[in-house]
Amino acid sequence: MAAASNAEHTQLQDMEEDVGMEEREMDSEDNEEEDMGEENVDDEEDDSSEDEKENEAEIQRLEEQLSINAFDYNCHVDLIKLLKQEGELFSLRKARQRMSELFPLTEEIWLDWLKDEIHLSEEEPNREKLYELFERAVKDYICPDIWLEYAQYSIGGMGLPGGIDKVRSIFERAVTAVGLHMTKGQMVWEAYREFENAIFSTLQPPLGRIPSHEEQGLLNKQLERIHTLFRRQLAIPLMDMDATYAEFEAWSEQGVSDTIKHHYKKALQQMEKCKPFEESLLAAEPPKMAEYQNYIDFELKEGDPARIQIIFERTLAENCLVPDMWAKYNTYLDRQLKIKDLVVSTHDRAVRNCPWTMGLWKSYLLALERHGADHQTISDVFEKALSAGFIQATDYVEIWQAYLDYLRRRVDFSKESSKELEELRGAFARSLDYMKQDVEERFGESGDPSCIIMQIWAKIEALHCKNMQKARELWDTIMTKGNAKYANMWMEYYNLERSYGDSAHCRKALHRAVQCTSDYPEHVCEVLLTFERVEGSLEDWDLAVQKTETRLSRVNEQRARVAVKEANMARQEEDRAEQRRRAKSDKKAQKKMGKDVHAGEKRKAQQDYEDNWNNGTEQASKRHRGDEDQTIEEQMETETGLLGKNAPPGFKKPQQGASAAPPKQGDDKPELRSDDNSVFISNLAYTLEEPEAKLRTMFEPCGPISQIRPVFSTKGTFKGYCYIQFESVVSVSEALKLDRQEMENRPMFVSPCVDKNKNPDFKVFKYNTSIEKQKIFISGLPFSCTKKQLEEVCSSYGTIRDVRLVTYRSGKPKGLAYVEFAEETHASQAVLKMDGTVIDGNTISVAISNPPRRNMDKPGSGRPLDPIPRQVYGARGKGRTQLSMVPRSLHRQNLPANNVENGTSAAASASTSATAETKSLSNSDFARMLLNK
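Take the sequence shown: its letter number 200 is residue 596 in the working numbering, and every next letter is one higher.
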């Protein structure tokens, strides 16, 4: 029994051990699962922490960028998005506040901000601050959605004292501002009516109880409010207004009166007139400027001020960066409505949207003065204009003139001295310093070469202040700035002295004008003589005659020398043209002689060419054999010249079925050429390998290709252009769409194929000579700078559309570049911040792109001037050696300018030498010269 009990005890121990082992295994599995879960949680936390770190780094970067350039609009938008993602409410509010102080916010940004603040106010009610925020929002743009949000938020404060009146006042302002909006105005009217209907339902007594006299009065008054809203809405042309009319018929117990029907029909007719414009806006793609302009023209003809205002506001809500549209709107308000608050607020919004436009600032200053704004306000606006960053030097001159005109109108000149007069003089002095220090340093020009500001100051001093001494000092400064050579400037000064000075200073001014004027000296001489006839003595007359005669004789001598020089230059040009014509005729003669010598070889080469070109067809062979001699001549005229015996090593003749080089562009054979089906490709890289294959790959999607002819030089190198002929004319229009696409980092020019012999004035590419306000020109770049590096440098100032590095034909960089931004403001900021900065040790210069006009030989010639005479070579071109073949004894020594030898001056010797060089000497001439020696 003891043994049995021991066995049972042992068995129980074994079972316990097994159970313990299973429990330990289960515990270990649970621990592993817990560890895995913890690891997953840790991984998610690590990922989120990494994202947070990246967002924090990006937020810090954007903050630093805004500290450098506070006017970076896109940077503000990106920062607000990141802060909203991170939930940084305090920083988000601060970022929005900072952006709203610089720019008008869009409808989307305002709605996000307002909704966030409404959500926060549920925990900490502060309705007054939200009302202030709504008021700022509705001033930026006329947006129905913001007004509707404003009204709905105000409904939440109905329970407060005066809450209902507050809601009604906001709704009234909303329907006044956006109630005429054809597509969105109806929802504001309906929200207003729903609000009044809700109040009406609260005024009704319980069922079964008759309302008292006072309650019935309130009910009747509320019904009248709703009836009035229906009547007002039905008198306005809105989309889907027939549904509103049907609703009114169902609501009204007394029916629709004849007056309401009349107004409704009139509004319906107006809506039908506007409906085509609304439909065109719905179908058009942004920015819809043409459609909006047509709509504005229509409303201007109709003449309803409220409707004109709402269509302008709708246009500007979608095109807030179009200065011309703001200018048109401001002009209409200034001349027609003339409502102070509306006019001033619109001018303020205009300069906040387009601060780089000087005309908007100028009209803003005039509007403030016109509506009686205080002096400090006008001065503050002027200072903001100076810091706006205009893109032309003349813009600063005009804004200064506008401000100086305002200051002059404030002065009471009946007083000898006043605070306003001193302020005017100080402003004139400051403007001159500003032009010299700020404008000239930034633009490299004064912007006021005629010194208009100083001229006006001088006239004010002479006319109003009777201070001719100050006026003469100013005119002395004007003349020292390069204006003394112009007769009109002296006449301005003379007229000032004539009106407010004395005869002595008039005479002195005219004598100086005679000595200094170089453009119209006859005019000032005539004025001086006329002056002395009227006021001068005999001695004054004699002196004036002597000076004028001396001056005019000197001027005539200078003009004669210039005429001789011009005649010599014209004669030399004619001689060079004659030499070019002779060289061309000699080259043709030599080519004709060469054809007679090698006729047999050329005929054989031509036969091979015909077989390959026409793919061995019998019809093509007959066509070419019928005019064999002419075909041989055409073959020798091709630009490639690779099918003769002088073909460069390595050149392979076109194989059977392969595309061969067609005749040159100037060839007029109809069977070999079709301009209507062809395009001309240029600006290709000279180092382009296998141009035919690469161009075929690019242009095959445009349509079936008949032939591709790349043009090679006589040495077998690619010349950078070719011709492509399609089978159909339709393919040409598709091919032209590939113009300016890059091939191996070089823009490819695609243009129609036109015979220049028939259309010599045809031009495809025209250089832009007007200012490009959204594009900047950068010079002084290091040659190692790449397109990507430059794009990274410029991207911090705005959205970039294109970056183009200027290179030589060989592909080597010139250190120049063009960068095109999406908006003019970005380009203006880039000029302000980048000009004078250093990139890889090079100081760069940055300016708004304003290409200079190209000089032409004569109007209509289409050829730029060539100031350096081109070397004229013989019929065989440039020789292998530049050594002179003339014996040394025949060389003529160059004489100094003033030397005289054997009674002949150096000028005469030079003339003789030039004549000898112009006349070509033959071999017999040289022989006679050697024999005579």
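The C-beta atom is built at its ideal place from N, Cα and C for all residues, glycine as well.
Own chain partners of residue i with C-beta closer than 8 Å, once the 5 adjacent residues on each side are dropped
i, result
"L526", "L510, E513, I514, S517, Y549"
"D1231", "R838, I1240, S1241, V1242, A1243"
"E459", "L475"
"N1079", "G1116, Y1117, R1142, P1143, M1144, F1145"
"L485", "D512, L516"
Buried/exposed call for residue i, threshold 16 Cβ in 10 Å
i, result
"W585", "buried"
"K1171", "buried"
"R731", "exposed"
"W647", "exposed"
"D844", "buried"
"M989", "exposed"
"T566", "Residue identity differs from the one stated: residue 566 is Ile in this sequence, not Thr. Answer is buried; the Cβ neighbour count reaches 16."
"F778", "buried"
"A781", "buried"
"E450", "exposed"
"D829", "exposed"
Inter-residue Cα distance where the pair is residue i and residue j
i, j, result
"L576", "P601", "36 Å"
"S1127", "N1246", "36 Å"
"K671", "D693", "15 Å"
"R967", "Q954", "20 Å"
"H658", "G559", "36 Å"
"Q911", "R947", "7 Å"
"G1053", "K1090", "Caution applies to G1053, whose pLDDT of 38 falls short of 50 and renders its modelled position unreliable; the value that the coordinates give is listed next. Each residue's Cα considered, the two are about 18 Å apart."
"K490", "S496", "10 Å"
"T753", "D720", "9 Å"
"S895", "K866", "15 Å"
"Q461", "L556", "45 Å"
"Q650", "G581", "27 Å"
"Q807", "G483", "The amino acid occupying residue 807 in the given sequence is Val; Gln does not appear at that position. Spanning the two alpha carbons is a distance of roughly 56 Å."
"I795", "E765", "14 Å"
"N470", "L1212", "27 Å"
"E816", "L738", "30 Å"
"S1180", "L1186", "11 Å"
7 Å Cβ shell around residue i - same chain, five flanking residues per side excluded
i, result
"W543", "V534, A570, A573, V574, V584"
"T742", "Y725, N726, L729"
"V1146", "V1075, I1077, A1131, L1132, L1134, D1135"
"E454", "L478"
"Q629", "W585, T640"
"K562", "S550, G553"
Backbone secondary structure at residue i - three-state DSSP
i, result
"V1107", "strand"
"I787", "coil"
"F499", "coil"
"A1213", "strand"
"N879", "helix"
"A1218", "coil"
"E812", "coil"
"T873", "helix"
"P1198", "In the sequence on display, residue 1198 carries Asp and not Pro. Residue state, collapsed to three classes: strand."
"N1298", "Because the pLDDT at N1298 is just 37, under 50, the model does not fix this residue reliably, and the point stays unresolved."
"P1143", "strand"
"V1126", "helix"
"N715", "coil"
"Q650", "coil"
"I1174", "strand"
Nonlocal neighbours in the same chain, by C-beta distance under 6 Å from residue i, ignoring five residues either side
i, result
"V951", "P917"
"N879", "M885"
"Y691", "F673, I707"
"I523", "Residue identity differs from the one stated: residue 523 is Arg in this sequence, not Ile. Around R523: G553."
Cβ-heavy atom distance, residue i to the ligand SAM, below 7 Å
i, result
"E531", "Annotation note on the ligand SAM: not contained in the displayed structure, which lists no ligands."
Evaluate contact between the stretch 1095 to 1110 and the stretch 1127 to 1145, counting only Cβ atoms and requiring at least three cross-stretch pairs below 8 Å. Verdict: yes, contact present.
Taking 8 Å as the threshold, find out whether the stretch 667 to 684 comes into contact with the stretch 630 to 638 through three or more Cβ pairs. Cβ pair count under 8 Å is three or more, so yes.
Count the CB pairs spanning the stretch 650 to 657 and the stretch 675 to 694 that are closer than 8 Å, and state whether there are at least three. Short answer: they don't touch.
Taking three-plus beta-carbon pairs below 8 Å as touching, is the stretch 1218 to 1227 in contact with the stretch 1199 to 1210? Contact between the stretch 1218 to 1227 and the stretch 1199 to 1210 is absent, because fewer than three Cβ pairs lie under 8 Å.
Contact between the stretch 890 to 908 and the stretch 853 to 869: three or more CB pairs below 8 Å? For the pair of segments examined, the stretch 890 to 908 was found to touch the stretch 853 to 869: the number of CB pairs separated by less than 8 Å reaches three.
Are the stretch 790 to 805 and the stretch 749 to 768 touching by the rule of at least three beta carbon pairs closer than 8 Å? The stretch 790 to 805 is in contact with the stretch 749 to 768.
Report yes or no: do three or more beta-carbon pairs, one from the stretch 932 to 940 and one from the stretch 960 to 979, lie closer than 8 Å? Counting Cβ pairs under 8 Å, fewer than three are found: no touch.
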